[in-house]
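Working notes, structure below.
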Amino acid sequence: MVTHPLFYDGHMAQVATRLKGKLLDDLKLIESEERTDRATVLRKLIAVGISHWKLEHALKLYMNKKATTWKAAETAGLSLYEFIDVLRSRRIPAQYTIEDLEEDLRGLVE
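So the mapping is simple: our numbering equals the position in the sequence shown, first residue as 1, plus 40.
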């Protein structure tokens, strides 16, 4: 069993999970390559995984027209310009309406 702490709001929480086989071997390899302890490696991998999930989730919301560009960028934890760059790099067409512009402008005022 692997146990490691996670930070949130300046606090830590202990999280336990079981790993076996290839995942555990990969974790050991990363520890060795990074020359760091397991807890640090796990925190980094979890942070990267969460960032990736947030971006993919935001893109899904955007492509399904459930979020404006602005809201999707916020969901992904990116600036509007960073999110637009992701859309361009993935060749995702813009879905920007007058209503989206109005909502984005309201977001700037708030």
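For each residue, glycine too, the CB sits at the ideal point set by N, CA and C. All of these numbers come straight from a predicted model, not from anything done at the bench.
Check                                                                                                : Outcome
Pair within 7 Å by beta-carbon distance, residue 134 and residue 112                                 : no
Simplified DSSP assignment, three categories, for residue 134                                        : coil
Residues near residue 117 in its chain [Cβ-Cβ closer than 6 Å; skip 5 each side]                     : 94
Integer-rounded CB distance, given that residue 139 should sit under 8 Å from residue 110            : With 8 Å as the limit, residue 110 and residue 139 do not qualify as a contact, their Cβ atoms being about 12 Å apart.
Cβ pair residue 74, residue 81 closer than 7 Å                                                       : yes
Member of 114, 79, 137 whose CA lies at the smallest distance from the CA of residue 57              : 79
Cβ-based neighbour list, residue 105, same chain, cut-off 8 Å, excluding 5 preceding and 5 following : 135
Boundaries of the alpha helix (DSSP H) in which residue 125 is found, first to last residue          : 120-129
Residue 83, enclosing alpha helix (DSSP H) - first and last residue                                  : 78-103
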